[in-house]
Amino acid sequence: MTAAQPQEVTLSATGVTPEDVIAVARHNAKVVISAQALAGVERVREHIEKLAHSETPAYGISTGFGALASRHIPAEMRTQLQKSLIRSHSAGMGPAVEREVVRALMFLRAKTLASGRTGVRPVVLQTMVDVLNAGITPVVREFGSLGCSGDLAPLSHCALVLMGEGEAAGPDGVIRPVPELLAEAGITPVELAEKEGLALVNGTDGMLGMLLMAIADLRLLLTTADITAALSVEGLLGTDQVFVPELHMELRPHPGQAASAVNMLAVLANSPIVASHRVGDSRVQDAYSLRCAPQVAGAARDTVDHALMVATRELAAAIDNPVVLPDGRVSSNGNFHGAPVAYVLDFLAIVSADVASIAERRTDRMLDPARSHGLPAFLAGDPGVDSGLMIAQYTQAGLVSDSKRLAVPASVDSIPSSAMQEDHVSMGWHAARKLRKSVENLRRVLAIELVTATRAIDMRASMSDGVLVPGPAGAAVIELLRATVPGPGSDRFLSPELEEADRLVGSGAIRDAAETATGPLN
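In structure tokens, the structure reads:
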């Protein structure tokens, strides 16, 4: 069943969990800062103050940035330097990204500020948290980040709002003047001091936030894919014997494959449809899209687990440049490079496309009378007069084709920038943006398979006078779906029904319905 979300998340010097990020980004959990973290931030700031007043130039504190790092900046111009950095870097273009992405971005940046490794004043951290808690969402544009030196443009658009400038939406989603939004929330704009501009923009927070949300979404969708695949097995009179445990972990010890096979076997347990043709069926083997479903979804599961390992490591990181070390040294580094995150974002786009692809093949098989073992063409009420789910499969095919294009990796496409100072970049932000679209496509593909498989099962029952019915898990899923999505019949406006199935898949309701019969699924 769906776990309850925390109502409050504490930022400490030791970091946060993936669940914390989801709670803040998607469920508006309140963020509080531990006293220990604030004290650590205050203590580390003292090192920056000493360097700021030293005659020795220190990068990002008393010098320019990037290709302009060789220029020493006089003390009286350093506040202007910070403002100029944020204003000039707020150069994004295109449509605004989703609210949950911006909230994840800000929360993860606040996490790094709370680590005590960036050298900002406590007021900067507190202001960012206050903006989050007030439900104020900076407008972050689609294009601007190359995923190196951090997600510079997206983070700068957020930092600009802390300064009382830029664009932002209130809790109601309406874009209004930033000074007005801050004043209503009782938030005083920040006057940035030495080092603070860099600390606000030098992180992989955007791509990491999108990775964590994609992992959460894919975990749900991969369990749902096991359910819809099992329903397709019932709809196509397939066998459950290829999912028995002794064929998986013992012979091919991939954990994800074994987990998916267990799920499918559980959904098919006590299925009269499956039992009806165990004896006397002339078929030797089912098609790959049925028989190999655990191998494909399982490989996807294992890739998600790898991505989570990378994301967990990145969550434990304190990414900034320069960074304040425990002994007080302020050191330049390259930890802002997004390659580790960008790679797994691209990996996940590949598996998302492939899981969608095999689901579409199962759908097409159920609609084809030459391969569906007795089902009417396109599962139409009156084939020839009605078209049934013919065009739903077209939609599914279009989604899969789009996901295949989105599976082309972004992380191999470096474009040099900053006068060749930043001569190799990760494109991790772009990898994350296309992964979000791919995950959305997968959800819709599974919704169409769900509608198709449940209609096929209903038709089996009708054609057999109620003999060929699904197992308890399939029956529970169909009961839930039929509350809002009608079963077989003459042609009707189909789009709203597919959208409703999509909603049920995305909310976890389909998984929860199956689990009322199976118990918790992997």
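Heads up: the sequence shown at position 162 corresponds to 166 in the working numbering, and the numbers run straight through without jumps. Cβ atoms here follow ideal geometry from the backbone N, Cα and C, with glycine treated the same way.
DSSP places histidine 434 in the helix class (H, G or I) of the three-state scheme.
Non-local C-beta neighbours of threonine 227 in its own chain, meaning closer than 6 Å and more than five positions away in sequence, comprise Arg515, Leu525, ordered along the chain. Within a 10 Å sphere around the beta-carbon of threonine 522 sit 16 or more other beta-carbons, which makes this residue buried.
The C-beta of alanine 460 has 16 or more other C-beta atoms within 10 Å across all chains shown, which makes the residue buried. As the crow flies, the alpha-carbon of serine 407 is around 20 Å from that of serine 499. Beta bridge pairing from DSSP links histidine 341 with no other residue. Distances from the CA of isoleucine 37 to each of Pro330, Gly168, Pro344, Pro126 were compared; the closest alpha carbon is that of Pro126. Proline 193 is positioned such that its CB atom lies no closer than 8 Å to that of glycine 170.
Membership of lysine 87 in any beta strand (DSSP E) is not indicated; the residue belongs instead to the alpha helix (DSSP H) covering 82-93.
With respect to the C-alpha of alanine 517, the residue from Arg91, Arg486, Gly493 having the closest C-alpha is Arg486.
When secondary structure is reduced to three states using DSSP, leucine 240 falls in the coil class, being assigned neither helix nor strand. In this structure, leucine 319 and glycine 432 do not form a Cβ contact; the two beta carbons are roughly 15 Å apart against a cut-off of 8 Å. By DSSP's assignment, serine 421 forms a beta bridge with Glu426. Counting only residues of its own chain and dropping the five nearest sequence neighbours on each side, proline 344 has a CB closer than 6 Å to the CB of Val314. The beta-carbon distance between leucine 164 and arginine 107, rounded to whole angstroms, is 16 Å. This is too long to meet the 8 Å contact definition. The three-state reading of DSSP puts threonine 488 in coil, since its state is none of H, G, I, E or B. Histidine 57 counts as exposed, since fewer than 16 other beta carbons sit within 10 angstroms of its beta carbon. Following the DSSP letters along the chain, one finds lysine 199 in no alpha helix (DSSP H), marked with neither H nor E. Looking at the backbone, the Cα of alanine 353 and that of serine 293 are separated by about 20 Å. Taking every protein chain shown into account, the CB of isoleucine 179 has fewer than 16 other CB atoms within 10 angstroms, so this residue is exposed. When the beta-carbon positions are compared, glycine 168 and leucine 196 stay at least 8 Å from each other.
A direct Cα-to-Cα measurement between arginine 464 and glycine 239 gives close to 7 Å.
Where methionine 97 is concerned, the enclosing beta strand (DSSP E) starts and stops at 97-100.
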